[in-house]
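> Our numbering numbers the first residue of the sequence shown as -19 and each following residue consecutively.
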Amino acid sequence: MENQVNAMPRIGDLAPAFQAVTTQGTINFPADYKGKWVILFSHPADFTPVCTSEFMTFASMQKEFEALNTQLVGLSVDGLYSHIAWLRTIKEKIEYKGMKNVEVTFPLIEDITMNVANMYGMLQPGESSTKAVRAVFFIDPKGVIRALIYYPLALGRNFDELKRVIIGLQTADNFSVALPADWRPGDDVIVPTAGSCGVAKERMDNASGELTCYDWFFCTKKLSKDDVESKLGK
-19 MENQVNAMPR
-9 IGDLAPAFQA
1 VTTQGTINFP
11 ADYKGKWVIL
21 FSHPADFTPV
31 CTSEFMTFAS
41 MQKEFEALNT
51 QLVGLSVDGL
61 YSHIAWLRTI
71 KEKIEYKGMK
81 NVEVTFPLIE
91 DITMNVANMY
101 GMLQPGESST
111 KAVRAVFFID
121 PKGVIRALIY
131 YPLALGRNFD
141 ELKRVIIGLQ
151 TADNFSVALP
161 ADWRPGDDVI
171 VPTAGSCGVA
181 KERMDNASGE
191 LTCYDWFFCT
201 KKLSKDDVES
211 KLGK
(Lines of atoms letter the chains of each structure in order from A and count residues from 1; the text may use other names and numbers.)
(Lines give C-alpha, C1' and ligand atoms only; values in the text may rest on other atoms or scores of the structure.)
Protein backbone atom coordinates (compact mmCIF):
# COMPACT_ATOMS: atom_id res chain seq x y z
CA MET A 1 0.00 0.00 0.00
CA GLU A 2 1.37 3.41 -0.94
CA ASN A 3 2.77 5.44 1.97
CA GLN A 4 2.29 2.51 4.33
CA VAL A 5 4.24 3.07 7.53
CA ASN A 6 5.39 -0.07 9.35
CA ALA A 7 5.52 -0.16 13.13
CA MET A 8 8.97 0.61 14.44
CA PRO A 9 10.63 -2.22 16.40
CA ARG A 10 10.84 -1.33 20.05
CA ILE A 11 13.41 -1.65 22.80
CA GLY A 12 13.12 -5.16 24.21
CA ASP A 13 11.84 -6.68 20.94
CA LEU A 14 13.73 -9.41 19.14
CA ALA A 15 15.41 -7.89 16.10
CA PRO A 16 13.28 -8.75 13.02
CA ALA A 17 15.01 -11.51 11.05
CA PHE A 18 15.86 -11.32 7.36
CA GLN A 19 18.25 -12.61 4.70
CA ALA A 20 20.01 -10.04 2.53
CA VAL A 21 22.70 -9.58 -0.09
CA THR A 22 25.54 -7.35 1.11
CA THR A 23 28.94 -6.14 -0.03
CA GLN A 24 30.38 -9.00 2.05
CA GLY A 25 28.08 -11.72 0.71
CA THR A 26 24.68 -12.99 1.84
CA ILE A 27 23.86 -12.65 5.52
CA ASN A 28 21.15 -14.06 7.77
CA PHE A 29 20.36 -11.36 10.27
CA PRO A 30 20.68 -11.40 13.21
CA ALA A 31 21.43 -15.15 13.39
CA ASP A 32 24.89 -14.79 11.82
CA TYR A 33 25.95 -12.51 14.67
CA LYS A 34 24.66 -14.50 17.63
CA GLY A 35 26.99 -13.91 20.57
CA LYS A 36 27.97 -10.43 19.35
CA TRP A 37 26.57 -6.99 19.82
CA VAL A 38 25.45 -5.43 16.54
CA ILE A 39 25.02 -1.86 15.37
CA LEU A 40 22.60 -1.96 12.43
CA PHE A 41 22.44 1.45 10.79
CA SER A 42 20.82 2.90 7.68
CA HIS A 43 21.85 5.76 5.45
CA PRO A 44 19.81 7.65 2.83
CA ALA A 45 21.88 7.06 -0.30
CA ASP A 46 25.27 6.18 -1.75
CA PHE A 47 27.43 8.94 -3.21
CA THR A 48 26.13 11.56 -0.78
CA PRO A 49 28.51 13.67 1.33
CA VAL A 50 27.05 13.17 4.82
CA CYS A 51 26.88 9.41 4.30
CA THR A 52 30.43 9.39 2.97
CA SER A 53 31.70 11.15 6.10
CA GLU A 54 29.82 8.64 8.27
CA PHE A 55 31.09 5.55 6.48
CA MET A 56 34.66 6.79 6.67
CA THR A 57 34.23 7.35 10.40
CA PHE A 58 32.60 3.96 11.01
CA ALA A 59 35.36 2.21 9.05
CA SER A 60 38.08 4.14 10.88
CA MET A 61 36.55 3.08 14.22
CA GLN A 62 35.81 -0.50 13.21
CA LYS A 63 38.61 -2.00 15.33
CA GLU A 64 37.36 -0.04 18.35
CA PHE A 65 33.91 -1.57 17.90
CA GLU A 66 35.38 -5.03 17.30
CA ALA A 67 37.22 -4.71 20.63
CA LEU A 68 33.75 -4.26 22.16
CA ASN A 69 32.54 -7.48 20.49
CA THR A 70 30.40 -5.33 18.21
CA GLN A 71 29.65 -5.94 14.52
CA LEU A 72 28.76 -3.05 12.21
CA VAL A 73 26.11 -3.63 9.52
CA GLY A 74 25.00 -0.85 7.18
CA LEU A 75 21.98 -0.51 4.91
CA SER A 76 20.57 1.73 2.21
CA VAL A 77 17.93 1.28 -0.47
CA ASP A 78 20.59 1.45 -3.19
CA GLY A 79 21.76 -1.59 -5.15
CA LEU A 80 24.80 -3.76 -4.64
CA TYR A 81 26.79 -2.40 -7.59
CA SER A 82 26.15 1.16 -6.45
CA HIS A 83 27.39 0.20 -2.99
CA ILE A 84 30.56 -1.36 -4.41
CA ALA A 85 31.30 1.62 -6.66
CA TRP A 86 30.74 4.09 -3.83
CA LEU A 87 32.93 2.23 -1.35
CA ARG A 88 35.66 1.98 -4.00
CA THR A 89 35.42 5.73 -4.56
CA ILE A 90 35.77 6.34 -0.82
CA LYS A 91 38.94 4.24 -0.70
CA GLU A 92 40.53 5.60 -3.83
CA LYS A 93 39.54 9.27 -3.89
CA ILE A 94 38.22 10.68 -0.63
CA GLU A 95 40.39 12.26 2.05
CA TYR A 96 38.51 13.82 4.94
CA LYS A 97 39.60 14.94 8.41
CA GLY A 98 42.86 13.04 8.13
CA MET A 99 41.13 9.88 6.95
CA LYS A 100 42.23 8.49 3.58
CA ASN A 101 42.55 5.15 1.81
CA VAL A 102 39.66 4.05 4.01
CA GLU A 103 38.41 0.56 3.18
CA VAL A 104 34.93 -0.40 4.37
CA THR A 105 34.98 -4.11 5.20
CA PHE A 106 31.77 -4.45 7.23
CA PRO A 107 28.62 -5.54 5.33
CA LEU A 108 26.51 -2.95 3.52
CA ILE A 109 23.04 -4.34 2.76
CA GLU A 110 21.36 -3.96 -0.62
CA ASP A 111 17.72 -3.08 -0.01
CA ILE A 112 16.26 -1.99 -3.35
CA THR A 113 12.91 -3.53 -2.45
CA MET A 114 12.90 -1.55 0.82
CA ASN A 115 11.78 -4.70 2.65
CA VAL A 116 14.32 -4.38 5.46
CA ALA A 117 13.93 -0.60 5.69
CA ASN A 118 10.16 -1.03 6.09
CA MET A 119 10.60 -3.88 8.57
CA TYR A 120 12.75 -1.66 10.80
CA GLY A 121 10.75 1.55 10.36
CA MET A 122 13.62 3.25 8.55
CA LEU A 123 11.33 4.80 5.93
CA GLN A 124 9.49 7.77 7.38
CA PRO A 125 7.35 9.53 4.75
CA GLY A 126 7.38 12.85 6.62
CA GLU A 127 11.13 12.95 5.93
CA SER A 128 11.30 10.94 2.67
CA SER A 129 9.31 8.11 1.12
CA THR A 130 12.23 6.91 -1.02
CA LYS A 131 15.25 7.18 1.31
CA ALA A 132 15.93 5.59 4.68
CA VAL A 133 16.51 7.99 7.55
CA ARG A 134 19.66 7.61 9.65
CA ALA A 135 18.43 4.88 11.99
CA VAL A 136 20.71 3.12 14.47
CA PHE A 137 19.73 -0.12 16.21
CA PHE A 138 21.82 -1.53 19.05
CA ILE A 139 21.22 -5.28 19.25
CA ASP A 140 22.61 -7.50 22.00
CA PRO A 141 24.20 -10.96 21.68
CA LYS A 142 20.78 -12.60 22.15
CA GLY A 143 19.30 -10.65 19.23
CA VAL A 144 17.30 -8.25 21.41
CA ILE A 145 17.02 -4.56 20.49
CA ARG A 146 18.47 -2.63 23.42
CA ALA A 147 18.52 0.95 22.13
CA LEU A 148 17.69 2.88 18.98
CA ILE A 149 18.44 6.36 17.69
CA TYR A 150 16.96 8.11 14.65
CA TYR A 151 18.51 11.07 12.86
CA PRO A 152 17.08 13.08 9.94
CA LEU A 153 18.63 12.99 6.48
CA ALA A 154 20.62 16.20 6.92
CA LEU A 155 22.27 15.48 10.29
CA GLY A 156 25.30 13.22 10.59
CA ARG A 157 25.59 10.95 13.61
CA ASN A 158 27.70 11.52 16.73
CA PHE A 159 30.08 8.57 16.75
CA ASP A 160 31.39 9.20 20.26
CA GLU A 161 27.80 8.73 21.42
CA LEU A 162 27.32 5.52 19.41
CA LYS A 163 30.39 4.03 21.07
CA ARG A 164 29.29 5.36 24.49
CA VAL A 165 25.92 3.63 24.10
CA ILE A 166 27.56 0.24 23.44
CA ILE A 167 29.93 0.70 26.39
CA GLY A 168 27.06 1.86 28.58
CA LEU A 169 24.79 -1.06 27.71
CA GLN A 170 27.55 -3.56 28.39
CA THR A 171 28.42 -1.86 31.68
CA ALA A 172 24.79 -1.80 32.84
CA ASP A 173 24.54 -5.53 32.08
CA ASN A 174 27.90 -6.49 33.57
CA PHE A 175 27.43 -4.67 36.88
CA SER A 176 23.62 -4.54 37.24
CA VAL A 177 23.63 -0.75 37.53
CA ALA A 178 22.10 2.25 35.79
CA LEU A 179 24.11 5.11 34.34
CA PRO A 180 23.49 8.83 34.92
CA ALA A 181 23.42 11.64 32.39
CA ASP A 182 26.63 12.02 30.37
CA TRP A 183 28.17 8.93 32.04
CA ARG A 184 31.63 7.87 30.95
CA PRO A 185 33.75 4.96 32.22
CA GLY A 186 35.15 5.94 35.62
CA ASP A 187 32.15 8.06 36.60
CA ASP A 188 29.89 7.06 39.49
CA VAL A 189 27.04 4.69 38.63
CA ILE A 190 23.49 4.47 39.99
CA VAL A 191 22.48 1.49 42.11
CA PRO A 192 18.98 0.05 41.71
CA THR A 193 16.28 1.97 43.56
CA ALA A 194 15.48 0.63 47.03
CA GLY A 195 12.58 -1.81 46.89
CA SER A 196 11.44 -1.47 50.51
CA CYS A 197 11.31 1.05 53.34
CA GLY A 198 13.91 -0.96 55.25
CA VAL A 199 16.42 -0.92 52.43
CA ALA A 200 15.78 2.79 51.83
CA LYS A 201 16.45 3.60 55.51
CA GLU A 202 19.55 1.41 55.55
CA ARG A 203 20.93 3.19 52.52
CA MET A 204 20.35 6.64 53.99
CA ASP A 205 21.95 5.59 57.28
CA ASN A 206 24.95 4.25 55.33
CA ALA A 207 25.28 7.34 53.16
CA SER A 208 28.88 7.88 54.24
CA GLY A 209 29.88 4.31 53.31
CA GLU A 210 30.06 2.68 49.90
CA LEU A 211 27.04 4.59 48.64
CA THR A 212 26.41 8.28 48.14
CA CYS A 213 22.67 8.84 48.62
CA TYR A 214 21.07 12.10 47.55
CA ASP A 215 17.71 10.76 48.70
CA TRP A 216 16.27 7.30 49.34
CA PHE A 217 15.62 6.71 45.62
CA PHE A 218 18.88 8.16 44.23
CA CYS A 219 22.11 6.49 45.35
CA THR A 220 25.40 6.17 43.49
CA LYS A 221 28.61 4.25 43.99
CA LYS A 222 32.11 4.25 42.56
CA LEU A 223 32.96 2.03 39.61
CA SER A 224 36.48 2.40 38.35
CA LYS A 225 37.36 2.78 34.70
CA ASP A 226 39.63 -0.27 34.99
CA ASP A 227 36.77 -2.41 36.29
CA VAL A 228 34.49 -1.24 33.49
CA GLU A 229 37.09 -1.85 30.79
CA SER A 230 38.01 -5.28 32.16
CA LYS A 231 34.59 -6.63 31.19
CA LEU A 232 33.91 -4.79 27.96
CA GLY A 233 33.31 -7.03 24.95
CA LYS A 234 32.27 -9.98 27.09
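Glycine included, each C-beta is placed from N, C-alpha and C at the ideal position.
I'd like to check one pair, Arg144 with Tyr131: are the Cβ atoms closer than 7 angstroms?
Locating residue 131 in the sequence shown gives position 151, where the first residue counts as 1. Locating residue 144 in the sequence shown gives position 164, where the first residue counts as 1. Taking 7 angstroms as the Cβ cut-off, Tyr131 and Arg144 do not qualify as a contacting pair.
> Nearest-angstrom Cα distance between Tyr76 and Pro29?
Translated into the one-based positions of the sequence shown, residue 76 becomes position 96. Translated into the one-based positions of the sequence shown, residue 29 becomes position 49. Tyr76 and Pro29: Cα-Cα distance of roughly 11 angstroms.
> Tell me the rounded alpha-carbon separation between Asn95 and Asp206.
Numbered from 1 along the sequence shown, position 115 holds the residue referred to as residue 95. Numbered from 1 along the sequence shown, position 226 holds the residue referred to as residue 206. So the two alpha carbons sit approximately 43 angstroms from each other.
> For Tyr13, collect the residues of the same chain with a Cβ closer than 7 angstroms to its Cβ; drop the 5 residues on either side in sequence, then sort them by chain order.
By one-based count along the sequence shown, residue 13 stands at place 33. Only Gln51 meet the Cβ criterion.
> On the premise that Arg126 lies in contact with Phe118, defined as a C-beta separation below 8 angstroms, what is that separation, rounded to the nearest angstrom?
Start at 1 with the first residue of the sequence shown, and residue 118 comes out as number 138. Start at 1 with the first residue of the sequence shown, and residue 126 comes out as number 146. About 5 angstroms; that satisfies the 8 angstroms criterion.
> For Ile7, which of helix, strand or coil comes out of DSSP?
Here residue 7 refers to the residue found at position 27 when the sequence shown is read from its first residue. Correct three-state label for Ile7: strand.
> Enumerate in chain order the residues of its own chain whose CB-to-CB distance from Ser108 is below 8 angstroms, with the five nearest sequence positions on each side excluded.
Start at 1 with the first residue of the sequence shown, and residue 108 comes out as number 128. The residues are Pro24, Leu133.
> Given a cut-off of 7 angstroms, decide if Cys199 and Leu191 are closer than it, judged by their beta-carbon atoms.
Start at 1 with the first residue of the sequence shown, and residue 191 comes out as number 211. Start at 1 with the first residue of the sequence shown, and residue 199 comes out as number 219. Yes. Within cutoff.
> Counting only runs that start and end within the stretch 5 to 72, where is the alpha helix (DSSP H) found for 4 or more residues in a row?
Taking only runs of at least 4 residues, the alpha helix (DSSP H) segments lying wholly in the stretch 5 to 72 are 29 to 40, 42 to 47.
> How is the beta strand (DSSP E) around Asp153 delimited, first residue to last?
Against the sequence shown, residue 153 aligns to sequence position 173. Segment 139 to 155 is the alpha helix (DSSP H) holding Asp153; no beta strand (DSSP E) there.
> In angstroms, rounded to a whole number, what distance separates the CA positions of Ala(-3) and Asn8?
For the purposes of this step, residue -3 is taken as the residue at position 17 of the sequence shown. For the purposes of this step, residue 8 is taken as the residue at position 28 of the sequence shown. In a straight line, the C-alpha of Ala(-3) is about 7 angstroms away from that of Asn8.
> Going along the chain, which residues of its own chain have a beta-carbon closer than 7 angstroms to the beta-carbon of Met79, five neighbours each way excluded?
By 1-based counting over the sequence shown, the position of residue 79 is 99. Same-chain partners within the cutoff: Met36, Ser40.
> Put Glu107 into one of helix, strand or coil per three-state DSSP.
Within the sequence shown, the letter at position 127 stands for residue 107. It is coil, neither helix nor strand.
> With a Cβ-Cβ cutoff of 7 angstroms, do Met(-12) and Gly101 count as a contact?
As a working mapping, residue -12 is identified with position 8 in the sequence shown. As a working mapping, residue 101 is identified with position 121 in the sequence shown. Yes, the pair counts as a contact, with Cβ atoms nearer than the cut-off.
> Alpha carbon to alpha carbon, how far is Gly5 from Arg68?
Translated into positions along the sequence shown, residue 5 becomes position 25. Translated into positions along the sequence shown, residue 68 becomes position 88. Approximately 16 angstroms, taken between the alpha carbons.
> I'd like the span of the alpha helix (DSSP H) that includes Ala97, first residue to last.
Taking the first residue of the sequence shown as position 1, residue 97 is located at position 117. Start and end: 95 to 99.
> Which residue comes first and which comes last in the alpha helix (DSSP H) that contains Lys205?
What you label residue 205 is simply residue 225 of the sequence shown in a count that begins at 1. Counting along the chain, the alpha helix (DSSP H) containing Lys205 begins and ends at 205 to 211.
> Pull up the DSSP beta-bridge partners for Met79, would you.
Within the sequence shown, numbered from 1, the residue matching residue 79 stands at position 99. DSSP, once it has assigned bridges, lists Tyr76 as partnering Met79.
> Could you spell out the range, first to last residue, of the beta strand (DSSP E) harbouring Glu90?
By 1-based counting over the sequence shown, the position of residue 90 is 110. Counting along the chain, the beta strand (DSSP E) containing Glu90 begins and ends at 88 to 90.
> Return the Cβ separation of Thr151 and Ile89 in integer angstroms, given the expectation that the two are a contact with Cβ distance under 8 angstroms.
Here residue 151 is taken as the residue at index 171 of the sequence shown, counted from 1. Here residue 89 is taken as the residue at index 109 of the sequence shown, counted from 1. That belief does not hold up - the Cβ atoms of Thr151 and Ile89 are roughly 29 angstroms apart, past 8 angstroms.
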